[in-house]
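One structure below.
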Amino acid sequence: MDILKRNNVTVIGEGSTPLVFAHGYGCDQNMWRLITPDFLSDYKIVLYDLTGSGKSDLAAYDFKKYGTLKGHATDLIEICEALDLSGSIVVGHSVSAMSVALAAIRQPDLFSSLVMVAPSPCYINDGDYVGGFTPADIEGLLDFLDTNYLGWSREMAPAIMGVPDKPHLAEELTNSFCRTDPNIAQHFGRVTYMSDHRLDVKKVTQPTLILQCSEDIVAPVAVGQWLQDNMRASQLVVMNATGHCPHLSAPAETVSAIRRFLDVDANTERPEM
Amino acid sequence: MATRIEVQETAGEILAELPCGVVSTLEDGTIVRVNRTFLNWTGLTADVIDNGKRFQELLTVPGRIFYETHFAPLLLMQGGVKEVACQLKRGDKEPIHVLLNSMVVEGRKDLPRLIRTVVFDATDRFKYEQELRRGRNESRQLAAIVQASSDGIVSAGLDGVVRTWNPGATRMFGYTEAEAVGRSVDDLIVPVDRKQEREEKYRKIRSGEHVTFSDTARQHKDGRLVPVEITATPMVDDHGRVIAASLIFRDISDRKLAEEKQRLLMGELNHRVKNLLSVVQVVARQTASVSDATTFGTRLSERLLGLAACQDLLVQSNWQGAELSELVSAQLAHFSDMIGIRIFIDGPEIKISPDVTQGLGMALHELATNAAKYGALSNATGCVKISWQIREDPDLRFSIQWVERGGPPVQIPTREGFGNKVLRRMVEASVKGKVSLDYPPDGLRWKLEAKLSDITAD
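Quick note, the sequences are listed as chains A and B, same order.
Under the numbering used here, the first residue of the first sequence carries the number 219, and numbering increases by one thereafter.
Under the numbering used here, the first residue of the second sequence carries the number 32, and numbering increases by one thereafter.
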């Protein structure tokens, strides 16, 4: 199987240090396009679509393999190996922050540091732990997803309104962004929101930046705080940005937070230079 | 000629009272304008635009997650989203089901970009869609049952053209779904001599009748006939008109086979019972001729018990014959404590036919009875060796020996009793073999030789 084709891998940029971006639930690699330009000159940027999302090979979506995030972690490792990358910095949004953590624990040499954008190790409240949701909320979400895929026809991407003065852009996006099979969307939604990786994140040894939005219903501030308290080499940055996708809503703030982390991290990594 | 109709309402009034909600927000969802319809639906007051409330906060939890993970990214990336179903909270009242269309509008001069959203009341549509979803889920479950069924389940138009064809039908008739759909069942599976039956079936289905053929046959792709039971049911449209037929084919090969087997067994049993009764008749007559009134009953019942033991073995094997070593053990059951000490049994595994089981069983019974009364088993030291072999000569030959040693000195019988008759003639007759019976002084020797093919079960 061609892994680079399976995950629609894109490699761009002038630099040599690999910077890998893993998008979150419901989207594809286009999510990163407002922040990647800032890293083009000094990094080797790797973008890909999670199996089952975007322009990945939907036929490769094995419901058993991707029944846990381990399947996505395996994909990430395979991509790094296929591109012969080591010591990558890897940026994971939302659910992919956890897949990235799983990959970093399994193959520590492949990943030098992690950036988690709006991460949550567990979405459901559990005793003192505040994930933000009750099991009923999550069941409601899965039902909700079903409702919103009712209008999905086999040949058509979800109905998306185009930008009037850029119809070519709209057409291109209609065919890629947010496009996936409703059964996969349901399954991935369940896997995402039912997951609990609180024990796993404690095993991450790489320096990790936690980018927390100030008002994010999907990953509340308490979750970012919990992660900082429970991950060894982590630092929490609470952004002014609201919502769950700061790389789209506040690209400049997101870029500068990642830059600050990478520069400090690079200095501490190489003190003898 | 059209005349312009004077109206009193302004654009603002139209907007305020549109039959849909209109909301204008900043990029982060902060509400800046709403129309009256929206306020009426949500029970909010006009000050909602002053207290920094975000539009997504008005959605129920699932909708809010969807907003953050799908809706907002889509808006930011491609400037618009349409037909997203979600629920708006309405204070204490049940949330209202709505459809949202949103688009991003560039701000004038230095003003920020805005998101314009129209909100459609979708209460009835939601209910209808819920029913559709329920129906869809049910039909998926039914489809899964059809897919998994071992019966061939096919639907065909009234013209006999196949519309659906499940994997069970593929296994039964050899045609794949792709090969079958679109072709007439006549061309596919109806044998020439069954066309009339099919015609009759379709006539009944057209008139709305349910038809069952419990014992018929259809043709496999490779030409062989598959015995089947067919249940045909008319399928009707929304108006009750018959539009197609559902056909369920059940492979009854196993049932036919079982019926045939049962018929054969009944015949076999009848034959055996008659045979057995003649044997009992002979046994009784012969036993009477050598017994007096006091010994007849005991002797006869012992012999019948020997016969019964053979019978048990045959029943256990479904009349397929018996394992020779089991037959020997059964006939020596009275002496089981001596086996391995004074009685030695040795020979390869060999399955003998029902006839031979009976003949050989009786012979073994008589030999054992004789040995216990007069021969090697009548004192405390004698022993018996029962052994059988198969050798090539040039056909496969079978032989079995009964050899006694260490008993009291052998007396050659003065007249031929029943046992003797059994040991020679009955065995020779039932086994088509050659028997030798000798009385050397150190112990009785009995031997049977036959063609292996004459004594084995098929």
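Cβ coordinates follow ideal geometry from the N, Cα and C atoms, glycine included.
Since the model is a prediction, treat every value here as computed from it, not as a measurement.
Proximity to residue i [Cα-Cα], best of the options
{"i": "Ser317 (chain A)", "options": "A:Ser432, A:Ile221, A:Thr410", "result": "A:Thr410"}
{"i": "Arg165 (chain B)", "options": "A:Ile342, A:Leu466, A:Asp364", "result": "A:Asp364"}
{"i": "Gly244 (chain A)", "options": "A:Asp346, A:Val313, A:Leu445, A:Tyr279", "result": "A:Val313"}
{"i": "Phe479 (chain A)", "options": "A:Gln325, A:Ala440, A:Gln453", "result": "A:Gln453"}
{"i": "Gly411 (chain B)", "options": "B:Pro439, B:Ala399, B:Asn401, B:Leu391", "result": "First, the residue type needs correcting, since residue 411 (chain B) is Ala and not Gly in the sequence shown. Cα-wise, what sits closest to Ala411 (chain B) is B:Pro439."}
{"i": "Leu106 (chain B)", "options": "B:Arg147, B:Ser332, B:His396", "result": "B:Arg147"}
{"i": "Gly390 (chain B)", "options": "B:Arg225, B:Glu299, B:Arg303", "result": "B:Arg303"}
{"i": "Tyr261 (chain A)", "options": "A:Gly461, A:Phe362, A:Ser306", "result": "A:Ser306"}
{"i": "Tyr98 (chain B)", "options": "B:Asn82, B:Gln118, B:Gly83, B:Val79", "result": "B:Gln118"}
{"i": "Met457 (chain B)", "options": "B:Leu483, B:Tyr405, B:Ser484, B:His396", "result": "B:His396"}
{"i": "Ile402 (chain A)", "options": "A:Val229, A:Gly285, A:Pro236, A:Ala322", "result": "A:Gly285"}
{"i": "Gly111 (chain B)", "options": "B:Val136, B:Lys124, B:Gly191, B:Lys452", "result": "B:Val136"}
Assumed close pair residue i, residue j - CB separation to whole angstroms, cut-off 8 Å
{"i": "Ala340 (chain B)", "j": "Ala361 (chain B)", "result": "4 Å"}
{"i": "Val473 (chain A)", "j": "Asp256 (chain A)", "result": "5 Å"}
{"i": "Pro464 (chain A)", "j": "Leu429 (chain A)", "result": "6 Å"}
{"i": "Leu344 (chain B)", "j": "Leu358 (chain B)", "result": "6 Å"}
{"i": "Leu332 (chain A)", "j": "Ala319 (chain A)", "result": "7 Å"}
{"i": "Gly115 (chain B)", "j": "Phe102 (chain B)", "result": "The amino acid occupying residue 115 (chain B) in the given sequence is Val; Gly does not appear at that position. Indeed they touch by this definition, with Cβ atoms about 6 Å apart."}
{"i": "Tyr266 (chain A)", "j": "Ile297 (chain A)", "result": "6 Å"}
{"i": "Ala481 (chain B)", "j": "Phe429 (chain B)", "result": "5 Å"}
{"i": "Ile80 (chain B)", "j": "Ile62 (chain B)", "result": "6 Å"}
Chain B contact for residue i (CB, 7 Å cutoff)
{"i": "Gly358 (chain A)", "result": "yes"}
{"i": "Ile402 (chain A)", "result": "no"}
{"i": "Asn226 (chain A)", "result": "no"}
{"i": "Val318 (chain A)", "result": "no"}
{"i": "His405 (chain A)", "result": "no"}
{"i": "Asp246 (chain A)", "result": "no"}
{"i": "Leu222 (chain A)", "result": "no"}
{"i": "Tyr284 (chain A)", "result": "no"}
{"i": "Cys431 (chain A)", "result": "no"}
{"i": "Val436 (chain A)", "result": "yes"}
{"i": "Leu391 (chain A)", "result": "Low per-residue confidence applies at Leu391 (chain A): pLDDT is 42, beneath 50, and the placement is therefore not dependable enough to give any value."}
Span of the alpha helix (DSSP H) around residue i
{"i": "Ala200 (chain B)", "result": "198-204"}
{"i": "Val304 (chain B)", "result": "284-321"}
{"i": "Met449 (chain A)", "result": "Run containing Met449 (chain A): none; DSSP gives neither H nor E here."}
{"i": "Gly111 (chain B)", "result": "First-last for Gly111 (chain B): 111-121, but that is the beta strand (DSSP E), not the alpha helix (DSSP H)."}
{"i": "Met412 (chain A)", "result": "400-412"}
Residue-chain proximity (residue i, chain A), Cβ-Cβ < 7 Å
{"i": "Ile96 (chain B)", "result": "yes"}
{"i": "Lys101 (chain B)", "result": "Note that residue 101 (chain B) corresponds to His in the displayed sequence, not to Lys. At least one chain A Cβ lies under 7 Å of His101 (chain B)."}
{"i": "Val92 (chain B)", "result": "yes"}
{"i": "Pro104 (chain B)", "result": "yes"}
{"i": "Leu358 (chain B)", "result": "no"}
{"i": "Cys51 (chain B)", "result": "no"}
{"i": "Leu345 (chain B)", "result": "no"}
{"i": "Asp269 (chain B)", "result": "no"}
{"i": "Leu107 (chain B)", "result": "yes"}
{"i": "Ala116 (chain B)", "result": "yes"}
{"i": "Asp485 (chain B)", "result": "no"}
{"i": "Asp59 (chain B)", "result": "yes"}
Segment limits, beta strand (DSSP E) that includes residue i
{"i": "Arg430 (chain A)", "result": "Arg is not the amino acid found at residue 430 (chain A); the sequence shown has Gln there. Residues 426-433."}
{"i": "Thr247 (chain B)", "result": "242-250"}
{"i": "Asp469 (chain B)", "result": "465-469"}
{"i": "Pro236 (chain A)", "result": "236-240"}
{"i": "Tyr266 (chain A)", "result": "262-266"}
{"i": "Ala263 (chain B)", "result": "256-267"}
{"i": "Arg422 (chain B)", "result": "414-423"}
{"i": "Ser333 (chain A)", "result": "The question names Ser, but residue 333 (chain A) is Val in the sequence shown. Residues 329-335."}
{"i": "Arg64 (chain B)", "result": "62-65"}
Contact test: residue i Cβ vs the ligand MG heavy atom, cutoff 6 Å
{"i": "Gly52 (chain B)", "result": "For the ligand MG, the structure offers nothing, since it holds no ligand at all."}
Same chain only: Cβ atoms within 7 Å of residue i, ignoring 5 sequence neighbours per side
{"i": "Gly188 (chain B)", "result": "Arg194, Ala275"}
{"i": "Gln351 (chain B)", "result": "Ala488"}
{"i": "Thr207 (chain B)", "result": "Thr201"}
{"i": "Leu360 (chain A)", "result": "Gln404, Gly407, Arg408"}
{"i": "Thr73 (chain B)", "result": "Leu89, Leu119, Arg121"}
Sequence-distant residues of its chain with Cβ nearer than 6 Å to residue i (five each side left out)
{"i": "Phe239 (chain A)", "result": "Trp250, Leu265, Val309"}
{"i": "Ile431 (chain B)", "result": "Trp419, Leu479"}
{"i": "Gly231 (chain A)", "result": "Leu258, Tyr261, Lys262, Ile263"}
{"i": "Ser467 (chain A)", "result": "Ala459, Gly461"}
{"i": "Met491 (chain A)", "result": "Confidence is the limiting factor: at Met491 (chain A) the pLDDT is only 36, short of 50, which leaves the residue's position unreliable and the question unanswerable from this model."}
Own chain residues within Cβ distance below 8 Å of residue i, not counting five before or after
{"i": "Phe375 (chain B)", "result": "Cys414, Val415, Lys416, Ile417, Ser418"}
{"i": "Ser371 (chain A)", "result": "The predicted model places Ser371 (chain A) with a pLDDT of 44, which falls under 50 and marks its position as unreliable, so this point remains unresolved."}
{"i": "Asp434 (chain A)", "result": "Ala336, Thr460, Gly461, His462"}
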